[in-house]
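Number of protein chains: 2
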Amino acid sequence: MSKGNLSPEQRRFIDDLAGLLSAWSMPGNAARLYGYLQMMNEPVSLDDIARDLEISKSNACTAAKVLEEHGNARRLGERGTKRVFYVAGDDPGAPLRKQAQTLGRMAELITARKASVATGAARERMAGLAGFHKALQNAMEAVILPERRQDAA
Amino acid sequence: MSKGNLSPEQRRFIDDLAGLLSAWSMPGNAARLYGYLQMMNEPVSLDDIARDLEISKSNACTAAKVLEEHGNARRLGERGTKRVFYVAGDDPGAPLRKQAQTLGRMAELITARKASVATGAARERMAGLAGFHKALQNAMEAVILPERRQDAA
DNA sequence: TGACATATTCTGCATATCCAGAATATTGAT
DNA sequence: ATCAATATTCTGGATATGCAGAATATGTCA
Chain Y
1 MSKGNLSPEQ RRFIDDLAGL LSAWSMPGNA ARLYGYLQMM NEPVSLDDIA RDLEISKSNA
61 CTAAKVLEEH GNARRLGERG TKRVFYVAGD DPGAPLRKQA QTLGRMAELI TARKASVATG
121 AARERMAGLA GFHKALQNAM EAVILPERRQ DAA
Chain V
1 MSKGNLSPEQ RRFIDDLAGL LSAWSMPGNA ARLYGYLQMM NEPVSLDDIA RDLEISKSNA
61 CTAAKVLEEH GNARRLGERG TKRVFYVAGD DPGAPLRKQA QTLGRMAELI TARKASVATG
121 AARERMAGLA GFHKALQNAM EAVILPERRQ DAA
């Protein structure tokens, strides 16, 4: 049953997880593929994806590329065959690195220019805002960067 | 110059910050209003916004509502006048509460159902994933919830 | 080289989003 | 009650996104 059609529970799980992932505005097909990969024990081909998720193969390809791009999935190049396989990414923090980096850039931007665009209380508010962004970046990176799995609290 | 037209530096800052905010897929007008509010020392009216940001008043209204909805801006109701004023929100973490909450829900969803949708290594990967989400939620909330400004690191 | 399997790109379409300006509603003053 | 000022909602259009299926490209084996 690892590769055949999915069970109702599996389908429900995939859809529910995709619903939550939409909060990150991840496309529907990519979100469902994300949940699918998480529950698979072996690498899956585009045909597996298309069949189990009931989407066209071209969209399976596109969704897989999206996840690969974001670091949510890894592609296994094959020798001796053209078939590509995908597995869940081993570093769940990878997709968030860019966001953390953006936080840092916002902090820098605000810090660097606050004196030339604001005065008085606004300038102080902006200093606080930059500090907040920096603190959030640091907090996220403490969880994201290590690359080792974390234990739940 | 607190209310008149903006200086070139201010315009540039607003646009640069809005560019970064697009990473959170915030609409352009709302993102620019966000930067505008941060640099203002006094509450601004919709007319101020429309004039300084060079957008229609209806969109100024919409953008303000978006920010208010997300907790990025606060509206000041007036007595004796119909005019509404907006100021930058005093809690920069407010917009991220929902995301942190979603992280928690993902952790719960995965924990609750992993046993019914996956076996073996996949089940363990999902346990690790849930732990990661929970850890990230905790890290974010440590910065977000306190409501006091943070100092930069 | 030829035939086949597979991945990828292309095209069209349906949908959602965002914006501007017009139209409408709501509030305060006279 | 009426008017003036303001906020809000309503239309339309332009743009972007995501999807399916067809068409194309690429690699593998005989």
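Chains as they are written, first to last, in the UniProt record's numbering: chain Y, 1 to 153; chain V, 1 to 153.
Beta carbons: idealized from backbone N, C-alpha and C, even for Gly.
Its Cα nearest to that of V:Leu33, the residue V:Asn72 stands out among V:Asn41, V:Arg97, V:Asn72 and V:Glu42. For V:Lys57, the CB contacts under 6 angstroms within the same chain, skipping 5 residues up- and downstream, are Leu46 and Ala50 in chain order. Comparing alpha carbon positions, the residue from Y:Asn138, Y:Asp15, Y:Leu37 and Y:Ala30 closest to V:Thr119 is Y:Leu37.
Scanning the segment 72 to 145 of chain Y from its first residue to its last, the whole beta strand (DSSP E) runs of 3-plus residues come out as 73 to 76 and 85 to 88. Excluding five sequence positions before and after Y:Ala107, the CB atoms of its chain that fall closer than 6 angstroms to its own CB belong to Ala130, His133 and Lys134, given in chain order. For V:Pro92, the number of other beta carbons within 10 angstroms of its own is at least 16, and it is reported as buried. Those residues of the segment 31 to 50 of chain Y placed with their C-beta closer than 8 angstroms to a C-beta in chain V are Gln38, Met39, Met40 and Asn41, ordered along the chain. Chain-ordered, the chain V residues with CB closer than 9 angstroms to the CB of Y:Glu9 read Arg113, Ser116 and Val117. Contact note: V:Phe13 reaches chain Y through Arg113 and Val117, using a C-beta cutoff of 7 angstroms and chain order. Taking a Cβ-Cβ cut-off of 8 angstroms, Y:Pro27 has no neighbours in chain V, whose nearest Cβ is about 12 angstroms from it. Taking the CA atoms as reference points, Y:Glu124 sits about 14 angstroms from V:Glu42. Taking all protein chains shown into account, Y:Gly77 has fewer than 16 neighbouring C-beta atoms within 10 Å of its C-beta and is therefore exposed.
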